[in-house]
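Enquirer: Using my numbering, count along the sequence shown one by one with no gaps and you end on 524.
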Amino acid sequence: MRTITVVGARPQFVKAAVLSPVLARFGVADSIVHTGQHYDWNMSDVFFDELEIPKPAYTLGVGSASQGVQTGEMMCRLEPIITKEQPDWVIVYGDTNTTLAAALVAAKLSVPIAHVEAGCRSFDRTMPEEVNRVLTDHVSTFLFAPTEVAASNLYAEGIRHGVHVVGDVTIDLANATAQRLPAVPEILGRFGLRRGGYAFVTIHRANTATDVIAFERIVGALRKLGMPVLFAAHPRVRPMLDALGAGVPGDPLIVTDPLSYVETIAVIKSARVMITDSGGIQKEAAVLGVPCVTLRTSTEWIETVRSGWNVLAGSDPSAIVSLAHRPPPDTPLPYISDGRTAERMVSALVGSLSLMGNIA
Ligand code: UD1
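Given below as structure tokens:
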């Protein structure tokens with residue numbers, strides 16, 4: 165069996181890192197295609213090195229552009245590869261423009277698509293990611309849903325076939341990584357932080373990162389938290405942080421470049437509170453037992469909110485400050501994992517092929 169895995173942005177590298185060795189163990193010949201959506205060393209290469217992801221067979225070098233240009237350029241460069249390789253499956257991850265571009269190309273070439281993290285919905289179509297999720301799910305053959313909620317979202321949209329509730333590879337990896345973290349005091353020491361005594365912040369979503377007023381309100385709130393704030397800055401928000409004087413001596417904000425996956429898990433795990441607009445980090449905070457404040461008004465990870473471990477604050481400064489100081493809830497963590505999500509996915513893929521072989 166031959167598959168093509170299409171990745172391009174940070175969260176996809178993390179998910180591919182879990183699936184890739186399992187595909188190899190099942191004897192599947194997988195070729196990785198990297199669209200180049202993320203290209204800086206600390207947005208891309210560091211994940212391949214640290215998580216030992218096989219080198220991409222193809223790198224498309226698409227880079228940054230507007231939503232339509234980036235997606236379209238990826239499609240132009242992907243089509244000849246999928247046409248030439250004729251894989252049994254194209255595997256796509258999550259909700260980025262890379263996900264949608266690969267799904268559209270594969271669908272038009274009649275190559276079956278396996279969508280990892282299918283069925284997640286924020287019900288906010290102003291987010292490019294929500295558009296990517298919905299469209300990708302509607303052209304996928306296998307929809308690997310992380311939760312029953314995700315599966316029920318698909319059912320509500322009329323998708324009844326190919327839905328497999330398998331678990332969540334990011335939760336499996338966060339759990340496994342948290343159990344064997346390298347020297348955490350050394351990582352915290354680099355930033356002058358102590359365990360349980362700081363807020364960890366990431367912001368990158370288009371809605372927040374392009375709204376200067378909302379961004380300024382959020383930074384103002386972070387400065388009022390009364391604790392050190394480690395801000396791992398996505399390149400698109402760095403100029404705004406610099407313009408606001410973030411990280412100058414005396415500022416509670418400690419600004420750093422994007423962190424590697426293992427560093428991120430270490431820094432979340434030891435934080436007093438996580439403050440983010442990321443989807444994946446909302447889950448990781450919940451897995452690691454750290455209260456989270458999400459800088460959005462909707463989330464596709466509703467279990468984190470229902471359990472009390474996550475709250476939605478939008479960009480409202482007073483809500484951010486008060487919710488950041490709430491005590492950890494005494495409710496159970498919302499996600500459990502047996503570490504076998506990838507095995508369930510690959511078994512389903514391999515099983516589908518033998519079934520097709522038997523029918524033929
Ligand atoms: C993308 C995904 C988002 C995902 C995130 C993970 C879409 C629509 N968004 O958001 O779902 O959560 O990745 O991090 O696909 N840039 C660099 N260097 C890089 C990459 C980006 O400087 O290596 C800058 C460029 O100015 C670029 C901007 O960041 O225009 C945005 O990058 P882009 O990939 O479009 O979106 P993300 O915000 O990273």
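C-beta atoms are modelled at their ideal positions from N, C-alpha and C, and glycine is treated no differently.
Could you check how far apart the C-beta atoms of residue 285 and residue 317 are, in whole angstroms? I think they sit under 8 Å.
Expert: With 8 Å as the limit, residue 285 and residue 317 qualify as a contact, their Cβ atoms being about 5 Å apart.
Enquirer: Taking only the alpha-carbon atoms, compute the straight-line gap between residue 288 and residue 389 and give it to the nearest angstrom.
Expert: Taking the straight line joining both Cα atoms gives about 29 Å.
Enquirer: Grab the span of the alpha helix (DSSP H) containing residue 482 for me, first residue to last.
Expert: Note, residue 482: alpha helix (DSSP H), 481–488.
Enquirer: Would you mind stating whether residue 313 and residue 467 have Cβ atoms separated by less than 8 Å?
Expert: For residue 313 and residue 467, yes; Cβs fall inside 8 Å.
Enquirer: Please state the DSSP three-state secondary structure of residue 240.
Expert: Of the three classes helix, strand and coil, the one that applies to residue 240 here is helix, per DSSP.
Enquirer: Are the CB atoms of residue 426 and residue 179 nearer to each other than 8 Å?
Expert: For residue 426 and residue 179, no; Cβs fall outside 8 Å.
Enquirer: If you draw a straight line from the C-alpha of residue 497 to the C-alpha of residue 361, how long is it?
Expert: Each residue's Cα considered, the two are about 21 Å apart.
Enquirer: The beta strand (DSSP E) that contains residue 193, what's its start and end?
Expert: Where residue 193 is concerned, the enclosing beta strand (DSSP E) stretches over 193–198.
Enquirer: To the nearest angstrom, report how far apart residue 401 and residue 192 are at their CA atoms.
Expert: Their backbone Cα atoms lie some 40 Å apart in a straight line.
Enquirer: For residue 418, which beta-bridge partners are listed by DSSP?
Expert: DSSP lists 394 as partners of residue 418.
Enquirer: Any residue with its C-beta under 5 Å from a non-hydrogen atom of the ligand MN counts. Can you list them all in chain order?
Expert: By its list of ligands, the structure shown excludes the ligand MN, since it contains just the ligand UD1.
Enquirer: Among 457, 505 and 478, which residue has its Cα nearest to the Cα of residue 492?
Expert: The shortest C-alpha separation from residue 492 is found at 457.
Enquirer: With H, G and I counted as helix, E and B as strand and the rest as coil, what does DSSP make of residue 513?
Expert: Reduced to three states, the DSSP call for residue 513 is helix.
Enquirer: So, with DSSP's three-state summary, where would you put residue 217?
Expert: In the structure shown, residue 217 sits in coil (DSSP, three-state: anything other than H, G, I, E or B).
Enquirer: Tell me which same chain residues have a C-beta within less than 6 Å of the C-beta of residue 442, skipping the five on either side of it?
Expert: Here the set comprises 366.
Enquirer: Relative to the alpha-carbon of residue 481, which residue among 299, 412 and 377 has its alpha-carbon at the smallest distance?
Expert: Cα-wise, what sits closest to residue 481 is 377.
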